[in-house]
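Undergrad: Pasting a structure here, questions to come.
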Amino acid sequence: MAISPPPKRIWWNEPVHGVEIGWIAVTVLWGLFMFFFMIAWHFIGQQNLSTETYRVQPHAYQARVEAFAERFKVGEENGTPVVRPPAGEDVYILARLWEWWPILELKRGQSYRIHLSSVDWQHGFSLQPTNINISVHPGYEHVITLTPTETGQFGIICNEFCGIGHHRMTGRIRVTE
Amino acid sequence: MTAIDAGAIGVAGEAPARVAKYRTCRFTGLRIEAQAEALIKVNAVAAVVFLAIGGLFGLLVALTRWQAVHLLGAEWFYLVLTAHGANVLLFWIIFFEIAVLYFASAVLLGARLAAPRMAWLGFVLMVAGALMANYAVLEGNSSVMFTSYPPMMASPWFYLSLILFAVGALVGVAVFFGTLMVARQEKTYDGSIPLVTFGALTAAIIAVFTIASGAIILIPTLLWSLGFVSNIDSLMYKLVWWGMGHSSQQINVSAHVAIWYAIGAMVLGARPLSEKVSRMAFLMYILFLQLASAHHLLAEPGLSSQWKIVNTSYMMYLAVMGSMIHGLTVPGAIEAAQRRNGFTRGAFEWLRKAPWCNPAFSGMFLSLVMFGFIGGISGVVLGTEQLNVLMHNTLYVPGHFHGTVVAGTTLAFMAMTYLVVPLIFQRDILWPRMATWQPVLFGIGAGGISMFMMGAGTLGVARRHWDTTFTDAPHAFEHAPGAFLMLGLNGIFAVIAAIGGIMFVVNVVASILVGPKLGGAQTRPLTFPLHQQAAEAASTYGSHATVKLPGTIILVGLFFSAFVLYYFVNWKYLSELWLFR
Chain A
501 MAISPPPKRI WWNEPVHGVE IGWIAVTVLW GLFMFFFMIA WHFIGQQNLS
551 TETYRVQPHA YQARVEAFAE RFKVGEENGT PVVRPPAGED VYILARLWEW
601 WPILELKRGQ SYRIHLSSVD WQHGFSLQPT NINISVHPGY EHVITLTPTE
651 TGQFGIICNE FCGIGHHRMT GRIRVTE
Chain B
305 MTAIDAGAIG VAGEAPARVA KYRTCRFTGL RIEAQAEALI KVNAVAAVVF
355 LAIGGLFGLL VALTRWQAVH LLGAEWFYLV LTAHGANVLL FWIIFFEIAV
405 LYFASAVLLG ARLAAPRMAW LGFVLMVAGA LMANYAVLEG NSSVMFTSYP
455 PMMASPWFYL SLILFAVGAL VGVAVFFGTL MVARQEKTYD GSIPLVTFGA
505 LTAAIIAVFT IASGAIILIP TLLWSLGFVS NIDSLMYKLV WWGMGHSSQQ
555 INVSAHVAIW YAIGAMVLGA RPLSEKVSRM AFLMYILFLQ LASAHHLLAE
605 PGLSSQWKIV NTSYMMYLAV MGSMIHGLTV PGAIEAAQRR NGFTRGAFEW
655 LRKAPWCNPA FSGMFLSLVM FGFIGGISGV VLGTEQLNVL MHNTLYVPGH
705 FHGTVVAGTT LAFMAMTYLV VPLIFQRDIL WPRMATWQPV LFGIGAGGIS
755 MFMMGAGTLG VARRHWDTTF TDAPHAFEHA PGAFLMLGLN GIFAVIAAIG
805 GIMFVVNVVA SILVGPKLGG AQTRPLTFPL HQQAAEAAST YGSHATVKLP
855 GTIILVGLFF SAFVLYYFVN WKYLSELWLF R
């Protein structure tokens, strides 16, 4: 039994059940498939999270986001600037207690280099209802080349706990034709 | 000659200074040492107390997420959620695991516990840590969640309490290792250690790695909260912290797999199909499970894809292979035992006529099925580099780990408790009918919680989030109506699980305190294995009459189909997302 020492002292020479050998083969092959599929998706897939990252001082990052918002601002919504950057432009999103800043207007099918960083605590960039979820750290600037494939209004919510205002932390991305 | 010399003579073969007291279990014939028994008792009792506290907090969390009830205010919600994580994920599980380690070493090997004074010290440290953590959280300045990611800071008491608890647990693990050495030197067993002890050894080795990771990160964080260190890098913290946070869940996996084997043996007389295969599967855990820190870093900046792929897959899924092997060998051993017991008709008579009224068996089997189908499959999908972006930090994550830790580990530990009460506390279960229904009710509740949280997460609901309606948010956002349905169902199943949990705690505590004492003339004797009628007719493993396992093959085939299907469904979802690189 499993709660007493193996009845045969030389248990490692016992033959193995055919069912077990078959199942081990299946699990090894399936494991190898799943492993190599992750690698393959970097070549065949269109959704791979960028690893381009820079160290950045939070106040320096904030200054860059503010300059970016100033340059391409087209309006305001609830006190948050609405920014319409040209396609292919570097786009900045700032996470702070408790907002995603500013509101972006993007064009469908165009690619943007999105910069993400936080000036205070950790936050969770969660684009809804699309459901793209990326962690945001203070001191690290993460650059993602993003191409919207649908039009409409999308919410950014925070899904990394960031204190008592966490559930009020929202932002917005609008995608037009 | 001198005191040093006198010591040297003692080593050379005189009786140890402390004389261990043993009793012989009248049901199993096992030799049980008094100190080991006492320590198993206190650790198990502490575990159940913290399960009761943490479970109650969990119910409050679920009732707040249920939008129609929305029980707690925001501040209380985050506080209670932090307390829930610490009490059940750390204190309930690790106290119980220390009891399992002492059981698997001292009791199963018939040895005395090494250094019982140290074991008591470890226990006291763990209790002190657990109480201090509850104080720190309930005081209100440490609502930082179980993960306590900097730069968000808790009170120094919070970090100190976790360090104390971890040191206490490490002492317990050391006593376990010492007990294995004692048993070997005093030759209390013959040949190799039993498979269950081997599984416990796996858990203990992973625990050392886990606690070391915890110390490496929590000690500087404590100094930071006291003002001696100016900055803790948030990404570094996350990487090392999850060396503790995820690896500690691998301790649970090893421990509850060991318990599956133990219950199979004690209830049905199940023998491992092959010692070699089952032990190799545990070895895969030791070698590769620690890489799982990466599961929490797949959506982070600053780490290369190569690093993510190798680590998140536990080195080409070799540790997943370990779990999948147990997924065959545990039910396979049970099927083989039941067929030896005479239930040979069809593919599933062995399962239909299994002792479902015995809560140890029903709890164990439900734990096995739900850990595989819910916790296991969702874990691999969640831990796939690209798929993670679909669910990272959504409610899918708690959904997954309630499938592993609640439906898997907690249910297995509850099942084991129904054997620990008669064997170690020597009391009969006070309300057997209640015990029969308890694992089923708790299992349905835990399974429902997991599934519906995963459902809500798939629809984008964030974890650790008080207001899914975003009432006070500057830029309103509305989740799909299905998400609220999922959260409501989650609440209902949390109530079911809570009823199952209360039944467990009440029944076990009452049985320990006032249950009928076993061994008197009026109580019926237990014979282990409890359900083994025709065992003598059984063939030993490897002979010409080796049993066939059609039922297990069908179950495993079903599992594998579900796994492959769900895996590819998620790639389909991913391919429909916006493009990013």
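From first to last, the protein sequence lines stand for chains A and B. Each residue of the first sequence is one higher than the last, beginning at 501 in the working numbering. Each residue of the second sequence is one higher than the last, beginning at 305 in the working numbering. C-beta: ideal position from N, C-alpha, C; glycine also. Predicted model only: the values in this text are computed from it and were never measured.
#1: Applying the criterion that 16 or more other CB atoms from any shown protein chain within 10 Å of the CB defines a buried residue, is THR648(B) buried or exposed?
#2: Where DSSP assigns a beta bridge to LEU627(A), which residues make up the other side?
#3: Taking Cβ positions, are ASN692(B) and HIS835(B) nearer each other than 8 Å?
#4: So who's on the other strand from PHE884(B), going by DSSP bridges?
#5: Roughly how many angstroms lie between the CA atoms of TYR612(A) and LEU594(A), to the nearest whole one?
#6: Any heavy atom of the ligand GTP within a distance shorter than 7 Å of the CB on THR630(A)?
#7: Applying the criterion that 16 or more other CB atoms from any shown protein chain within 10 Å of the CB defines a buried residue, is GLU510(A) buried or exposed?
#8: Can you give me the start and stop residues for the beta strand (DSSP E) that GLU576(A) sits inside?
#9: Would you kindly work out how many angstroms separate the C-alpha atoms of LEU791(B) and ASP771(B), rounded to a whole number?
#10: In or out: ASN347(B) buried (at least 16 other Cβ within 10 Å) or exposed?
#11: Would you say ALA839(B) faces chain A, with C-beta separation under 8 Å as the test?
#12: Just to make sure I have the definition right: I need the residues of chain A whose C-beta is within less than 9 Å of the C-beta of GLN730(B). Which are they?
#13: Residue range of the beta strand (DSSP E) that ILE336(B) falls in?
#14: Between TRP545(B) and chain A, is any beta-carbon pair separated by less than 8 Å?
#15: To which residues of the same chain is SER552(B) closer than 6 Å at the C-beta, ignoring the five residues directly before and after it?
#16: Could you give the uninterrupted runs of the alpha helix (DSSP H) lying entirely in the stretch 538-612 of chain B, keeping only those of 4 residues or more?
#17: Less than 6 Å between C-beta atoms, sequence neighbours within five positions excluded: which residues of the same chain meet that for THR581(A)?
#18: On the three-pair Cβ rule with 8 Å, is the stretch 579-589 of chain B touching the stretch 525-544 of chain B?
#19: Candidates ILE613(B), ALA658(B), GLN554(B), GLY476(B): which alpha carbon is nearest PHE675(B)'s?
#20: On the three-pair Cβ rule with 8 Å, is the stretch 450-460 of chain B touching the stretch 505-519 of chain B?
#21: Could you tell me whether the Cβ of PHE543(A) comes closer than 8 Å to any Cβ of chain B?
#22: Quick one: what does DSSP say HIS704(B) is sitting in, helix, strand or coil?
#23: Label ILE858(B) either buried or exposed according to how many other C-beta atoms from any shown protein chain fall within 10 Å of its C-beta, with 16 as the threshold for buried.
#24: Could you tell me which whole alpha helix (DSSP H) segments of length 4 or greater appear in the stretch 477-549 of chain B?
#25: Who are the near neighbours of THR645(A) in its chain, counting only those whose CB is closer than 8 Å to its CB and skipping five residues on each side?
#26: So which residues of chain A does TRP915(B) contact, with C-beta pairs closer than 8 Å?
#27: Using a Cβ-Cβ distance under 8 Å, would GLN489(B) count as near chain A?
#28: Return the CA-CA distance between GLY549(B) and ALA598(B), expressed in angstroms with no decimal places.
#29: Using a Cβ-Cβ distance cut-off of 8 Å, determine whether LEU527(B) contacts chain A.
#30: How many angstroms separate the CA atom of PHE652(B) from the CA atom of LYS852(B)?
#31: Using a Cβ-Cβ distance cut-off of 8 Å, determine whether GLY667(B) contacts chain A.
#32: Whose C-alpha, out of ASN662(B), SER529(B), LEU522(B), is nearest the C-alpha of MET540(B)?
#33: Below 8 Å on the Cβ atoms is my contact criterion, and I expect ALA784(B) with LEU763(B) to pass it. Report the Cβ-Cβ distance as a whole number of Å.
#34: Could you please give the first and the last residue of the uninterrupted alpha helix (DSSP H) stretch that includes ARG643(B)?
#35: My understanding is that GLY359(B) touches GLY707(B), with C-beta atoms under 8 Å, so please give their C-beta distance in whole angstroms.
#36: Need the endpoints of the alpha helix (DSSP H) that ILE748(B) sits in, please.
TA: Reading it off the structure:
#1: As a first step, residue 648(B) must be located in the second sequence, where it is residue number 344. By the 16-neighbour rule on beta-carbons within 10 angstroms, THR648(B) is exposed.
#2: Locating residue 627(A) in the first sequence gives position 127, counting from the first residue. BP columns for LEU627(A) point to ILE632(A), ILE656(A).
#3: For this step, residue 692(B) is matched to residue 388 along the second sequence. For this step, residue 835(B) is matched to residue 531 along the second sequence. With a cutoff of 8 Å on beta-carbon distance, ASN692(B) and HIS835(B) are scored as not near each other.
#4: In the second sequence, the residue the question calls residue 884(B) occupies position 580. In the DSSP secondary-structure assignment, PHE884(B) is bridged to GLN547(A), LEU646(A).
#5: Taking the first residue of the first sequence as 1, we reach residue 612(A) at position 112. Taking the first residue of the first sequence as 1, we reach residue 594(A) at position 94. Taking the straight line from one Cα to the other gives about 16 Å.
#6: What this structure holds is no ligand at all, so the ligand GTP is not there to describe.
#7: Position 10 of the first sequence, counted from the start, is the residue given in the question as residue 510(A). According to the sequence as given, residue 510(A) is Ile; it is not Glu. Counting C-beta atoms within 10 angstroms of its own C-beta, ILE510(A) has fewer than 16 neighbours from the protein chains shown and is therefore classed as exposed.
#8: The residue labelled residue 576(A) in the question sits at position 76 within the first sequence. First-last of the beta strand (DSSP E) with GLU576(A): 573-577.
#9: As a first step, residue 791(B) is located in the second sequence; it is residue number 487 there, counting from the start. As a first step, residue 771(B) is located in the second sequence; it is residue number 467 there, counting from the start. If you draw a straight line from the Cα of LEU791(B) to the Cα of ASP771(B), it comes to about 12 Å.
#10: As a position in the second sequence, residue 347(B) is number 43, starting the count at 1. ASN347(B) is buried by the Cβ-count criterion.
#11: In the second sequence, the residue the question calls residue 839(B) occupies position 535. Because the pLDDT at ALA839(B) is just 46, under 50, the model does not fix this residue reliably, and the value given afterwards should be weighed accordingly. No, no contact with chain A.
#12: Taking the second sequence and counting its residues from 1, the one referred to as residue 730(B) is at position 426. Those do not exist, as GLN730(B) stays about 18 Å from chain A at its closest Cβ, beyond 9 Å.
#13: Here residue 336(B) refers to the residue found at position 32 of the second sequence. Per DSSP, the unbroken beta strand (DSSP E) holding ILE336(B) starts and ends at 335-337.
#14: For this step, residue 545(B) is matched to residue 241 along the second sequence. False, the Cβ-Cβ gap to chain A never drops below 8 Å.
#15: Position 248 of the second sequence holds residue 552(B). THR514.
#16: List check, alpha helix (DSSP H) in window: 538-549, 551-572, 579-592.
#17: Reading the first sequence from its first residue, position 81 is the one you call residue 581(A). The question names Thr, but residue 581(A) is Pro in the sequence shown. Correct list, in chain order: ALA569, LYS573, PRO602.
#18: No, the stretch 579-589 of chain B does not touch the stretch 525-544 of chain B.
#19: The sequence position of residue 675(B) within the second sequence is 371, counting from 1. For the residues ILE613(B), ALA658(B), GLN554(B), GLY476(B), the minimum Cα distance to PHE675(B) belongs to GLN554(B).
#20: The stretch 450-460 of chain B makes no contact with the stretch 505-519 of chain B, as fewer than three CB pairs between them are under 8 Å.
#21: The sequence position of residue 543(A) within the first sequence is 43, counting from 1. Chain B, which has no Cβ nearer than 8 Å to the Cβ of PHE543(A), makes this no.
#22: Mapped onto the second sequence, residue 704(B) falls at position 400. When secondary structure is reduced to three states using DSSP, HIS704(B) falls in the helix class.
#23: For the purposes of this step, residue 858(B) is taken as residue 554 along the second sequence, with counting starting at 1. Label assigned to ILE858(B): exposed.
#24: Fully enclosed alpha helix (DSSP H) runs of no fewer than 4 residues occupy 499-530, 538-549 of the stretch 477-549 of chain B, in order along the chain.
#25: If you number the first sequence from 1, residue 645(A) lands on position 145. Around THR645(A), the same chain offers SER550, SER611, TYR612, ARG613, ILE614 as residues with beta carbons nearer than 8 Å, after the five sequence neighbours per side are excluded.
#26: There is simply no residue 915(B) to check, as chain B begins at 305 and stops at 885 in what is shown.
#27: Numbered from its first residue, the second sequence carries residue 489(B) at position 185. Output row for GLN489(B): interface = no.
#28: Taking the second sequence and counting its residues from 1, one reaches residue 549(B) at position 245. Taking the second sequence and counting its residues from 1, one reaches residue 598(B) at position 294. The straight-line gap from Cα to Cα measures roughly 11 Å.
#29: The residue labelled residue 527(B) in the question sits at position 223 within the second sequence. With 8 Å as the cut-off, LEU527(B) does not count as an interface residue toward chain A.
#30: Residue mapping note: residue 652(B) aligns to position 348 of the second sequence, counting from 1. Residue mapping note: residue 852(B) aligns to position 548 of the second sequence, counting from 1. C-alpha separation (whole angstroms): 12 Å.
#31: Here residue 667(B) refers to the residue found at position 363 of the second sequence. No - not a single Cβ of chain A is within 8 Å of the one on GLY667(B).
#32: Stepping through the second sequence from its first residue, residue 540(B) is reached at position 236. For the residues ASN662(B), SER529(B), LEU522(B), the minimum Cα distance to MET540(B) belongs to LEU522(B).
#33: Translated into the one-based positions of the second sequence, residue 784(B) becomes position 480. Translated into the one-based positions of the second sequence, residue 763(B) becomes position 459. So it is a contact: roughly 5 Å between Cβ atoms.
#34: As a first step, residue 643(B) must be located in the second sequence, where it is residue number 339. For ARG643(B), the uninterrupted alpha helix (DSSP H) segment begins and ends at 618-644.
#35: Along the second sequence, read from residue 1 onward, the residue named residue 359(B) stands at position 55. Along the second sequence, read from residue 1 onward, the residue named residue 707(B) stands at position 403. About 17 Å separates the beta carbons of GLY359(B) and GLY707(B), which is beyond the 8 Å limit, so they are not a contact pair.
#36: For the purposes of this step, residue 748(B) is taken as the residue at position 444 of the second sequence. For ILE748(B), the enclosing alpha helix (DSSP H) stretches over residues 736-762.
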